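Asker:
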Amino acid sequence: MTELSAPFAPDWVSPPGDSIADAIDERSWTQAELAARLGFSEKFVSQLLNGKVALTQETAEKLEKVIGGSIEFWMDREANYQRHKARLEAAKRHCSWVSWLIELPIKELMSCNAIPKVRVDEKNKPGIVEACLKFFGVASPDQWRDHYCGMQVSFRRSKEEQSDVGAISAWLRLGEQEAEKISAPKFDKARFEKALNRIRDLTREQPEVFEPKLRRELNEAGVLLIFVPSIPRSHVSGVARWLGPSRPVIQMSLYGKTNDKFWFTFAHEAAHILLHGNDAEGRKSIFLDDPNATKSTDPKEHEANLWASRWLIPQIHEARLSSLRTKVAVRAYAEEIGIHPGIVVGRLQHEKRIEPSWFNDLKVSFQLSKA
């Protein structure tokens, strides 16, 4: 951890009036005499000297004639003053907003380089506030609460623990930033359905083979696929949402995935896009999902679960699941229906047809990259 570094930034600021005052002192003029020469009131000149009024183009032109210095000099002097004044005012606001940081997963944001890695101490906290405002793209904590906490009305949770808005909003924002880097055509539902039929065959491949094909198939249908590091307190490993009326996103966490969980999570999010994005109301929803969630009262979650299950293992093959009691049988069944045997094992374990410890060596663990 380091301290935030920045160029020299004094905690004072000099208005153009200081330069004007120096000039009239050299000439032994009073403020009244300067006001008369400029054609301004004494009150206005007093305010100008004290930085209470802005130095305009008209004033700069008069100063050039009366005390010298170019118009550009005076306008630059005013611009620098306003810039440094704004910096000091912002610094004061950042100091007053440090309590906001307890609502955010600061260490996690630092670990994934979303904000600079610094010591979280009193000296650095105002700078961390500024970094978080830039990360979320908001002007103040109030705007963050209005936008991201306001999103809660759109959250459709699969798990009660999904209540840490700071962690959830950080994970969603990481996805938004990745989405901003990707161009894609408008969403085409028919093309998406055809892509999903082809994508199912990829479940038997390794990540280095299936990942680029998966991205390409989805992108051509107008669906963005984004992998983002997980943020533990969010209790979210997958989300389906729309960043615009024709820009659906499937966002998934990067790490700790066995292939059965990865593909079920993907299919579940795809189902939300396919089934629940058919109107403006559905496209406002943000589906927060956790494959470890076992209870949800949301009928749309049940619909997505059912669609995902039957996308992976079609209904016509479900009756035979109960007969799969050996690895040999699982492999043969998976080969017959064209899916990886690890996915079959995950289904059997989830439905308690076999013990959680059975056949786990048939699953594949892998990690995926952001790019």
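Positions 1109 to 1479 (the working numbering) are the ones given, in order, by the sequence shown. Ideal placement from N, C-alpha and C gives every residue a C-beta, glycine not left out. Source: prediction; values computed, not measured.
Does DSSP put residue 1359 in a helix, in a strand, or in coil?
Answerer: Indexing the sequence shown from 1 puts residue 1359 at position 251. Strand at residue 1359.
Asker: So what's residue 1336 in DSSP terms, helix, strand or just coil?
Answerer: Within the sequence shown, residue 1336 is the residue found at index 228, counting from 1. In this structure, residue 1336 counts as strand in the three-state DSSP scheme.
Asker: Using the three-state DSSP reduction, which class does residue 1291 fall into: helix, strand or coil?
Answerer: As a first step, residue 1291 is located in the sequence shown; it is residue number 183 there, counting from the start. The answer is coil: DSSP assigns residue 1291 none of H, G, I, E or B.
Asker: Return yes when the Cβ of residue 1220 is within less than 8 Å of the Cβ of residue 1337, no when it is not.
Answerer: Sequence index remark: in the sequence shown, residue 1337 carries index 229 (1-based). Sequence index remark: in the sequence shown, residue 1220 carries index 112 (1-based). For residue 1337 and residue 1220, yes; Cβs fall inside 8 Å.
Asker: Taking the DSSP output, what are the residues bridged to residue 1397?
Answerer: Locating residue 1397 in the sequence shown gives position 289, counting from the first residue. DSSP, once it has assigned bridges, lists 1346 as partnering residue 1397.
Asker: Got a sec? Which residues, its chain only, sit under 7 Å from residue 1279 by beta carbon, not counting five neighbours each side?
Answerer: Taking the first residue of the sequence shown as 1, we reach residue 1279 at position 171. Same-chain partners within the cutoff: 1336, 1339, 1342 and 1344.
Asker: Using only alpha-carbon positions, find the residue among 1450, 1455 and 1457 that is nearest to residue 1474.
Answerer: Taking the sequence shown and counting its residues from 1, one reaches residue 1474 at position 366. It is 1450.
Asker: Tell me, which residues are paired with residue 1243 by DSSP?
Answerer: Along the sequence shown, one-based indexing puts residue 1243 at 135. The partner list for residue 1243 (beta bridge, DSSP) is empty, contrary to what the question assumes.
Asker: Which runs of the alpha helix (DSSP H) fall wholly inside the segment 1417 to 1456 and span at least 4 residues, in chain order?
Answerer: Correct list: 1423 to 1426 and 1435 to 1445.
Asker: Pairing CB atoms from the segment 1301 to 1310 with CB atoms from the segment 1224 to 1243, are three or more of them under 8 Å?
Answerer: Because the criterion of three Cβ pairs below 8 Å is not met, the segment 1301 to 1310 and the segment 1224 to 1243 do not touch.
Asker: If the criterion is Cβ atoms closer than 8 Å, does the pair residue 1295 and residue 1346 meet it?
Answerer: For the purposes of this step, residue 1295 is taken as residue 187 along the sequence shown, with counting starting at 1. For the purposes of this step, residue 1346 is taken as residue 238 along the sequence shown, with counting starting at 1. No, Cβ-Cβ distance for residue 1295 and residue 1346 is not below 8 Å.
Asker: Quick one: what does DSSP say residue 1153 is sitting in, helix, strand or coil?
Answerer: Within the sequence shown, residue 1153 is the residue found at index 45, counting from 1. In the structure shown, residue 1153 sits in a helix (DSSP, three-state: H, G or I).
Asker: Is it right to say residue 1334 is buried, meaning 16 or more other beta carbons lie within 10 angstroms of its own, or is it exposed?
Answerer: Position 226 of the sequence shown, counted from the first residue, corresponds to residue 1334. Residue 1334 is buried by the Cβ-count criterion.
Asker: Kindly list the residues whose CB is nearer than 7 Å to the CB of residue 1261, restricted to its own chain and excluding five residues on each side of it in sequence; keep chain order.
Answerer: Numbered from its first residue, the sequence shown carries residue 1261 at position 153. The predicted model places residue 1261 with a pLDDT of 43, which falls under 50 and marks its position as unreliable, so this point remains unresolved.
Asker: Tell me the start and end of each unbroken alpha helix (DSSP H) in the segment 1135 to 1200 that is at least 4 residues and wholly inside, in chain order.
Answerer: Within the segment 1135 to 1200, the complete alpha helix (DSSP H) runs of at least 4 residues are 1139 to 1146, 1150 to 1157 and 1165 to 1174.
Asker: Looking at residue 1380 and residue 1412, is the spacing between their C-beta atoms short of 8 Å?
Answerer: Numbered from its first residue, the sequence shown carries residue 1412 at position 304. Numbered from its first residue, the sequence shown carries residue 1380 at position 272. Closer than 8 Å, so yes.
Asker: Output yes or no for whether 8 Å exceeds the beta carbon distance between residue 1192 and residue 1121.
Answerer: Numbered from 1 along the sequence shown, position 84 holds the residue referred to as residue 1192. Numbered from 1 along the sequence shown, position 13 holds the residue referred to as residue 1121. Closer than 8 Å, so yes.
Asker: For the alpha helix (DSSP H) containing residue 1324, list its first residue and its last residue.
Answerer: Residue numbering aside, residue 1324 sits at position 216 when the sequence shown is read from its first letter. It spans 1315 to 1328 - the alpha helix (DSSP H) in which residue 1324 sits, taken as one unbroken run.
Asker: Under the three-state reduction of DSSP, which class applies to residue 1204: helix, strand or coil?
Answerer: Walking along the sequence shown from the start, residue 1204 turns up at place 96. DSSP places residue 1204 in helix when its eight states are reduced to three.
Asker: Under 8 Å Cβ to Cβ from residue 1248, same chain only, skipping five residues before and after it: list those, please.
Answerer: Walking along the sequence shown from the start, residue 1248 turns up at place 140. Cβ within range, chain order: 1201, 1205 and 1241.
Asker: Quick check on residue 1237: does DSSP put it in helix, strand or coil?
Answerer: As a working note, residue 1237 is residue 129 in the sequence shown. Correct three-state label for residue 1237: helix.
Asker: Put residue 1472 into one of helix, strand or coil per three-state DSSP.
Answerer: By one-based count along the sequence shown, residue 1472 stands at place 364. Residue state, collapsed to three classes: coil.
Asker: Please report how far the alpha carbon of residue 1352 lies from the alpha carbon of residue 1297, in whole angstroms.
Answerer: Sequence index remark: in the sequence shown, residue 1352 carries index 244 (1-based). Sequence index remark: in the sequence shown, residue 1297 carries index 189 (1-based). For residue 1352 and residue 1297, the distance between alpha carbons rounds to 15 Å.
Asker: Taking the continuous alpha helix (DSSP H) assigned at residue 1222, which residues delimit it?
Answerer: Taking the first residue of the sequence shown as position 1, residue 1222 is located at position 114. Per DSSP, residue 1222 belongs to no alpha helix (DSSP H) and is neither H nor E.
Asker: CA-CA distance, residue 1165 and residue 1158?
Answerer: To locate residue 1165, count along the sequence shown from 1; it is residue 57. To locate residue 1158, count along the sequence shown from 1; it is residue 50. Roughly 18 Å between the two C-alpha positions.
Asker: What do you reckon, are the CB atoms on residue 1442 and residue 1452 nearer than 8 Å?
Answerer: Numbered from its first residue, the sequence shown carries residue 1442 at position 334. Numbered from its first residue, the sequence shown carries residue 1452 at position 344. Yes; because the gap between Cβ atoms is below 8 Å, this pair is in contact.
Asker: With a threshold of 8 Å, are at least 3 pairs of Cβ atoms found where one atom belongs to the segment 1383 to 1396 and the other to the segment 1314 to 1323?
Answerer: Taking 8 Å as the limit for Cβ pairs, the verdict is that the segment 1314 to 1323 does not touch the segment 1383 to 1396.
Asker: What do you get for residue 1274, buried or exposed, if any count of 16 or more other CB atoms within 10 angstroms of its CB means buried?
Answerer: Residue mapping note: residue 1274 aligns to position 166 of the sequence shown, counting from 1. Under this definition residue 1274 is a buried residue.
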